[in-house]
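Numbering (our numbering), first residue to last: 16 to 610.
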């Protein structure tokens with residue numbers, strides 16, 4: 016057995032209220048490390064590929080990595096793997112806080128949950144023990160009230176749970192933890208709601224053992240020193256992720272504005288880091304074992320929240336033409352309580368606002384709510400309608416792809432999604448490389464790879480971008496197996512030796528890059544089996560038909576033909592055929608089988 020792991024998993028069947036503990040096959044860790052890679056491999060090996068996301072057999076896997084809960088910086092991270100109800104494809108959605116380390120303290124590398132309870136329940140998990148508890152008194156309650164109630168009952172435990180959005184199967188519902196942390200993207204909360212599982216309560220005091228304690232401590236101590244001394248650490252401590260509001264406005268010219276129509280926002284000063292520090296009394300805080308401290312405790316009036324983050328502010332703020340830090344923080348607070356992914360929620364709101372602006376929907380559809388851009392009151396009302404599936408919210412709860420198909424009238428033009436996932440990151444009209452990144456990733460999220468910095472610094476060319484994106488996606492895949500935060504400034508050359516000292520598994524930087532490539536190809540096979548084609552690897556029409564305002568295509572259009580050439584270059588670099596499928600030779604070279 017390898018060190019760094021707990022070498023134990025838990026499987027729960029909610030339908031029959033049974034569970035079993037087991038010992039993982041060491042080859043899973045040796046070949047796929049943990050986290051995203053291990054979760055994907057488990058699903059594929061069990062043939063859980065083409066099922067419906069809301070079916071009882073769809074697994075909800077709370078997965079750790081070998082670094083989770085260790086002394087490695089940002090070791091708070093854990094991941095939920097499942098099939099997304101938003102995209103119908105593979106999903107890995109990550110969270111910080113303390114829940115991941117709590118899984119390790121409970122003596123577990125992962126919890127695999129299938130089935131569907133006949134009534135609301137929550138699970139209480141301790142080392143060697145699982146209890147199915149009635150959750151009728153918690154069902155219908157927001158995340159804040161429900162988590163506080165559970166923490167009062169289990170003061171030493173950590174909790175992951177859903178709000179009304181998850182209970183109502185909103186396709187972009189998240190799973191909350193620590194009140195203000197989320198497994199955010201792709202609708203894992205809706206999968207949990209479909210299982211009638213309100214919460215997972217985990218506690219224990221198991222310890223993590225290291226393969227080479229002295230060697231691990233030596234490498235990790237130096238890595239920690241370098242992270243603490245890095246100028247980006249101090250910048251994130253000072254400004255948080257919100258530094259990208261000013262950078263996106265003033266340097267990149269890619270701040271999503273007015274449902275992605277514009278790349279700069281006239282009211283941006285009201286939602287910058289500086290505005291938040293003034294208006295929200297920001298105080299830096301961090302996850303378990305993290306010196307970067309990018310998160311911010313915000314307090315204003317009678318409210319408090321951690322945040323808002325850049326993505327939340329870009330889509331609930333500038334994306335909806337809302338220029339108030341307090342208004343964005345309130346929308347953040349509301350989404351966290353309802354259990355909504357703030358990114359998809361913001362993009363869905365701006366989509367609805369543009370549909371209202373164009374006269375495609377009216378106040379008769381919204382219950383009298385005038386969905387004008389810039390109205391924080393209308394936005395808050397719409398978020399509640401979505402979470403509770405009321406009025407127009409019932410349709411918007413399906414996500415922009417389904418909503419645009421049902422609304423019609425040309426609304427697909429401004430439905431900002433790729434293969435069902437609302438876009439995140441930056442406005443493609445100011446950063447074309449992120450368009451290629453989002454279109455070719457397993458789902459369209461900035462967490463797959465952030466190419467915006469390189470394009471903003473003018474380090475990319477038309478010719479270099481496809482391979483740059485490919486390599487970056489692979490590296491992120493492997494980091495999401497270990498699991499470390501995106502904000503750790505050092506890459507696999509530094510992390511591979513730490514991993515070996517931690518686990519005893521010899522793995523070089525080259526090996527880790529190869530694993531990242533394997534994951535890119537296996538997720539592609541999974542997604543193709545669920546209907547993804549080259550036609551899905553594209554951008555919303557807005558980004559082809561309107562001129563770009565910055566970046567590689569500044570002052571001109573990125574045409575569909577030109578983007579198709581980029582896809583061909585990317586596919587060739589990946590070893591995929593013209594349709595975007597891995598070739599037999601590529602699969603053989605990587606040791607993968609077709610699905």
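Ideal Cβ placement from N, Cα and C applies to all residues, glycine included.
C-beta contact flag for residue i and residue j at 9 Å
| i | j | result |
| --- | --- | --- |
| residue 187 | residue 412 | yes |
| residue 173 | residue 208 | no |
| residue 65 | residue 458 | no |
| residue 104 | residue 450 | no |
| residue 570 | residue 303 | no |
| residue 356 | residue 178 | no |
| residue 414 | residue 400 | no |
| residue 291 | residue 340 | yes |
| residue 117 | residue 218 | yes |
| residue 108 | residue 199 | yes |
| residue 493 | residue 528 | yes |
| residue 137 | residue 150 | yes |
| residue 345 | residue 395 | yes |
| residue 370 | residue 422 | yes |
Distance, residue j Cα to residue i Cα
| i | j | result |
| --- | --- | --- |
| residue 317 | residue 598 | 57 Å |
| residue 475 | residue 545 | 33 Å |
| residue 287 | residue 295 | 11 Å |
| residue 534 | residue 175 | 27 Å |
| residue 582 | residue 111 | 33 Å |
| residue 496 | residue 43 | 12 Å |
| residue 437 | residue 215 | 27 Å |
| residue 52 | residue 71 | 23 Å |
| residue 481 | residue 584 | 6 Å |
| residue 368 | residue 86 | 46 Å |
| residue 22 | residue 577 | 49 Å |
| residue 130 | residue 28 | 5 Å |
| residue 37 | residue 143 | 10 Å |
| residue 213 | residue 156 | 10 Å |
| residue 18 | residue 63 | 29 Å |
| residue 347 | residue 322 | 8 Å |
| residue 220 | residue 113 | 13 Å |
| residue 8 | residue 513 | The shown model of the chain, from 16 to 610, leaves out residue 8, and the question about it has no answer. |
| residue 169 | residue 471 | 48 Å |
Reference residue i, options the options, closest by Cα
| i | options | result |
| --- | --- | --- |
| residue 260 | 154, 193, 441 | 441 |
| residue 331 | 408, 175, 393 | 393 |
| residue 483 | 588, 503, 555, 170 | 588 |
| residue 100 | 205, 602, 151 | 205 |
| residue 334 | 373, 558, 366 | 366 |
| residue 152 | 47, 515, 572, 134 | 134 |
| residue 460 | 377, 417, 554, 120 | 554 |
| residue 328 | 370, 280, 114, 57 | 280 |
| residue 408 | 390, 428, 379 | 379 |
| residue 226 | 16, 121, 498, 340 | 16 |
| residue 402 | 91, 189, 500, 466 | 189 |
| residue 45 | 552, 596, 518 | 518 |
| residue 602 | 285, 383, 539, 567 | 539 |
| residue 506 | 419, 344, 242, 395 | 242 |
| residue 364 | 315, 389, 166 | 389 |
6 Å CB neighbourhood of residue i in its chain, flanking five on each side removed
| i | result |
| --- | --- |
| residue 282 | 338 |
| residue 351 | 195 |
| residue 54 | 76, 78, 96 |
| residue 477 | none |
| residue 132 | 29, 211 |
| residue 592 | 598 |
Residue i burial status per 10 Å Cβ neighbour count (16 or more: buried)
| i | result |
| --- | --- |
| residue 60 | exposed |
| residue 263 | buried |
| residue 197 | buried |
| residue 31 | exposed |
| residue 81 | buried |
| residue 448 | buried |
| residue 362 | buried |
| residue 88 | buried |
| residue 511 | buried |
| residue 94 | buried |
| residue 193 | buried |
| residue 552 | buried |
Own chain, CB closer than 7 Å to residue i, minus 5 neighbours either side, in chain order
| i | result |
| --- | --- |
| residue 278 | 268, 269, 270, 272, 442, 444, 445, 564, 565 |
| residue 256 | 309, 324, 325 |
| residue 537 | 55, 59, 607 |
| residue 562 | 570, 571, 572 |
Cβ neighbours of residue i in the same chain (closer than 8 Å, five flanking residues each side left out)
| i | result |
| --- | --- |
| residue 488 | 452, 455, 456, 463, 464, 531, 535 |
| residue 69 | 100, 184, 205, 206, 209 |
Chain C within 9 Å of residue i, Cβ atoms only
| i | result |
| --- | --- |
| residue 173 | The question asks about chain C, but that chain is absent: this structure has only one protein chain. |
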